[in-house]
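K.L.:
The sequence shown begins at 0 in numbering that gives the first Met the number 0 and counts up one residue at a time.
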Amino acid sequence: MWSKLQSQLKQRQAQDMMRRRLTLESGQDTEISINGQHFINFSSNDYLGLASHPKLIESTLKATQRFGTGSGSSHLVAGHSHEHHQLEDELAEFLGVERTLLFSSGFMANYGVLTALFDRKDLIVQDKLNHASLIDGGRASEAKMLRYGHNDMNSLERQLQHQVETKVVVTDGVFSMDGDLAPLPQILELTEHSKSNLMVDDAHGFGVLGTSGRGTIEHFGIEQNKADIYMATFGKALGGYGAFVAGKEVLIESLVQFARSYIYTTALPPAVAATNRAGLALVQSEPERRQQLHDNINYFKQLATEKSLPLMQSDTAIQPVLLRTNERALEVSQGLLEKGLLVVAIRPPTVPENSARLRITLTANHRRQHIEQLVEAISEL
Numbered sequence: 000m001w002s003k004l005q006s007q008l009k010q011r012q013a014q015d016m017m018r019r020r021l022t023l024e025s026g027q028d029t030e031i032s033i034n035g036q037h038f039i040n041f042s043s044n045d046y047l048g049l050a051s052h053p054k055l056i057e058s059t060l061k062a063t064q065r066f067g068t069g070s071g072s073s074h075l076v077a078g079h080s081h082e083h084h085q086l087e088d089e090l091a092e093f094l095g096v097e098r099t100l101l102f103s104s105g106f107m108a109n110y111g112v113l114t115a116l117f118d119r120k121d122l123i124v125q126d127k128l129n130h131a132s133l134i135d136g137g138r139a140s141e142a143k144m145l146r147y148g149h150n151d152m153n154s155l156e157r158q159l160q161h162q163v164e165t166k167v168v169v170t171d172g173v174f175s176m177d178g179d180l181a182p183l184p185q186i187l188e189l190t191e192h193s194k195s196n197l198m199v200d201d202a203h204g205f206g207v208l209g210t211s212g213r214g215t216i217e218h219f220g221i222e223q224n225k226a227d228i229y230m231a232t233f234g235k236a237l238g239g240y241g242a243f244v245a246g247k248e249v250l251i252e253s254l255v256q257f258a259r260s261y262i263y264t265t266a267l268p269p270a271v272a273a274t275n276r277a278g279l280a281l282v283q284s285e286p287e288r289r290q291q292l293h294d295n296i297n298y299f300k301q302l303a304t305e306k307s308l309p310l311m312q313s314d315t316a317i318q319p320v321l322l323r324t325n326e327r328a329l330e331v332s333q334g335l336l337e338k339g340l341l342v343v344a345i346r347p348p349t350v351p352e353n354s355a356r357l358r359i360t361l362t363a364n365h366r367r368q369h370i371e372q373l374v375e376a377i378s379e380l
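(1) On a CA-only basis, which of Lys127, Pro309, Ala258 and Glu191 is nearest Ser103? Give me that one, please.
(2) Can you give, in chain order, each stretch of the beta strand (DSSP E) that sits fully within the region 155 to 219 and has at least 3 residues?
(3) Touch check for the region 329 to 337 and the region 260 to 274: three-plus C-beta pairs under 8 Å?
(4) Rounded to whole angstroms, what is the Cα-Cα separation between Lys247 and Val169?
(5) Exposed or buried, Gly136, counting other C-beta atoms within 10 Å across all chains shown (16 or more means buried)?
(6) If you reduce the DSSP assignment to three classes, tell me which class Lys61 lands in.
(7) Can you give the Cα-Cα distance for Met0 and Arg18, rounded to whole angstroms?
(8) Does the region 230 to 246 come into contact with the region 261 to 277, if we say contact requires no fewer than three beta-carbon pairs (one atom in each stretch) closer than 8 Å?
(9) Where does Lys54 fall in DSSP's three states?
(10) Which residue spans inside the region 315 to 372 form an unbroken beta strand (DSSP E) run of at least 3?
(11) Quick check on Gly246: does DSSP put it in helix, strand or coil?
(12) The alpha helix (DSSP H) spanning Phe93 covers which residue range?
(13) Could you work out which residue in Thr349, Asp177, Glu188 and Asp171 is closest to Asp200 when comparing CA atoms only?
(14) Determine whether the beta carbon atoms of Gln158 and Val124 lie at a separation below 8 Å.
(15) Name, in chain order, the residues that DSSP records as bridge partners for Gln125.
(16) Counting only C-beta atoms, is Lys54 closer than 8 Å to chain E at any point?
(17) Determine the direct distance from the alpha carbon of Gly212 to that of Ile251, and round the result to whole angstroms.
(18) Could you give the C-beta distance for Leu128 and Asp177, rounded to a whole number, given that I count them as a contact under 8 Å?
(19) Would you check if there are 3 or more beta carbon pairs closer than 8 Å linking the region 361 to 374 to the region 280 to 298?
(20) Where does Ser307 fall in DSSP's three states?
(21) I'd like to confirm the pairing. Which residues does DSSP put opposite Asn40 in its beta bridges?
(22) For Ile228, which three-state DSSP category applies?
(23) How would you write the range of the alpha helix (DSSP H) that Ile31 sits in, first residue to last?
(24) Could you give the DSSP three-state label for Phe102: helix, strand or coil?
(25) Could you tell me the alpha carbon to alpha carbon distance between Glu188 and Leu23, rounded to whole angstroms?
(26) Is Gln372 closer than 8 Å to Leu340 when the C-beta atoms are compared?
(27) I'd like to check one pair, Ala316 with Ile345: are the Cβ atoms closer than 8 Å?
(28) For Lys194, count neighbouring C-beta atoms within 10 Å of its own C-beta (all shown protein chains included) and say buried if the count is 16 or more, exposed if not.
(29) Out of curiosity, what's the CA-to-CA distance linking Thr264 and Ser80?
(30) Apart from the five residues just before and just after Met16, which ones in its own chain have a Cβ nearer than 8 Å to its Cβ?
(31) When the distance is taken between beta carbons, is Ala142 closer than 8 Å to Asp121?
(32) Within its chain, find whatever has a CB closer than 8 Å to the CB of Leu94; leave out the 5 residues flanking it on each side and keep chain order.
(33) Classify Leu75 as helix, strand or coil using the three-state DSSP reduction.
(34) Given this structure, state the Cα-to-Cα distance separating His74 from Ala266, to the nearest angstrom.
(35) Under the DSSP definition of a beta bridge, which residues are partnered with Leu23?
(36) Can you give the Cα-Cα distance for His203 and Ser43, rounded to whole angstroms?
In structure tokens, the structure reads:
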């Protein structure tokens, strides 16, 4: 086993594909500290700048004093607290759905849905660039899984021609490495025509897109219940941690009964649920944060276009700069680090071959001078 693993690691290293961890010595924010050095952070999904918000910290402390540090057991044993229950109710009210269900992570939510709800008689049809958790969940499901070309409606239509008991189309709302949106109105047309169901993973849209922050579905002016299964996370826009699935009562009760990644794991700490509640409240009470984020996105794109940077097509907080080769992406990322700017290089297998990139993420807390400094540095490099 050891020689096999060593060989695999050497191969990855030779291809400039080794992943590295950074150890932060400060809280998650626009400006961070790593190994005693100060950096402007352009690699965080803390889109609204809530991860270090005083109200979230206060909620965490109060809930910790009341409930302690851990939940003690799974939701179905003795780990489901008042904070968990309130968060589920508040999410359902915010989205206008019958019910929601908390999961300990987005990966567990997606895996749980796809492995619990579909069997050998069913078909799962996924966008080729869906998040790894959706792909892995589909592979682990008893259902047959097919993939369609990224945002290619002709490809999707072909895959939906299969005659099976149940068909479900699964897509990211915002694609995490490209930053582009799924064409939900066109996908809905196809699902309705083919009598298929729709699942949307809105991890990078919830709290950020839509007039009220309800995500990609609201952004397109679609009724929330058009997504039969809606999943989103708390670790991006809300500044917390965990995930939820939203939809009809029958969907949620089925997950409670059958989703192994919900049933057989310790519940989120109650204090984390309280933190998520505070984040959800701020999403609703401070819409100016979303406006500031979109102003920053537009300002970055304007400056980047003026400098002829190789931007990929995106109008969201995820702004990829396409550099193609692993070596080039690492070189520019390291150069930015030396200039006090943290922008992580994303390489295969996370993205397709020959599409290595800088994955820039913008937040509401970035100031104009931060963005100007970033664009100027990339241009120089």
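Glycine included, each C-beta is placed from N, C-alpha and C at the ideal position.
Quantities reported herein were computed from a predicted structural model and do not represent experimental measurements.
P.N.:
Answer, in terms of the structure:
(1) Nearest C-alpha to Ser103: Ala258.
(2) Counting only runs of 3 or more, we get 165 to 171 and 196 to 200.
(3) Of all C-beta pairs linking the region 329 to 337 to the region 260 to 274, fewer than three are shorter than 8 Å, placing the two stretches out of contact.
(4) A direct Cα-to-Cα measurement between Lys247 and Val169 gives close to 17 Å.
(5) Counting Cβ neighbours within 10 Å, Gly136 comes out buried, since at least 16 surround it.
(6) Annotated three-state conformation of Lys61 is helix, per DSSP.
(7) Taking C-alpha positions only, Met0 is separated from Arg18 by approximately 21 Å.
(8) Inter-segment contact for the region 230 to 246 and the region 261 to 277 is present: three or more beta-carbon pairs are separated by less than 8 Å.
(9) Helix at Lys54.
(10) Entirely contained in the region 315 to 372, the beta strand (DSSP E) runs reaching 3 residues are, in chain order, 317 to 323 and 355 to 360.
(11) It is a strand residue.
(12) Element bounds for Phe93: His81 to Leu94.
(13) Of the candidates Thr349, Asp177, Glu188 and Asp171, the one whose C-alpha sits nearest the C-alpha of Asp200 is Asp171.
(14) Result yes, Cβ atoms of Gln158 and Val124 sit closer than 8 Å.
(15) DSSP lists Arg146 and Val169 as partners of Gln125.
(16) You won't find chain E in this structure, because it holds only one protein chain.
(17) Approximately 22 Å, taken between the alpha carbons.
(18) Yes, Leu128 and Asp177 are in contact; Cβ-Cβ is about 7 Å, under 8 Å.
(19) Judged by Cβ distances under 8 Å, the region 361 to 374 makes contact with the region 280 to 298, as three or more pairs qualify.
(20) Reduced to three states, the DSSP call for Ser307 is coil.
(21) DSSP lists Leu341 as partners of Asn40.
(22) In the structure shown, Ile228 sits in a strand (DSSP, three-state: E or B).
(23) Careful: Ile31 lies outside any alpha helix (DSSP H), inside the beta strand (DSSP E) at Glu30 to Ile33.
(24) Phe102 falls in the strand class under three-state DSSP.
(25) Glu188 and Leu23: Cα-Cα distance of roughly 45 Å.
(26) A contact, by the Cβ cut-off of 8 Å.
(27) Taking 8 Å as the Cβ cut-off, Ile345 and Ala316 do not qualify as a contacting pair.
(28) The residue is exposed, with fewer than 16 neighbouring Cβ atoms inside 10 Å.
(29) If I take the Cα positions, the gap works out to 15 Å.
(30) Result list for Met16: Asn325, Arg346, Pro347 and Pro348, in chain order.
(31) For Asp121 and Ala142, yes; Cβs fall inside 8 Å.
(32) Correct list, in chain order: Arg213, Gln223, Tyr229 and Ala245.
(33) For Leu75, the secondary structure class from DSSP, reduced to helix, strand or coil, is helix.
(34) Each residue's Cα considered, the two are about 5 Å apart.
(35) Beta-bridge analysis with DSSP links Leu23 to Ile33.
(36) Per the coordinates, the alpha-carbon of His203 lies some 12 Å from the alpha-carbon of Ser43.
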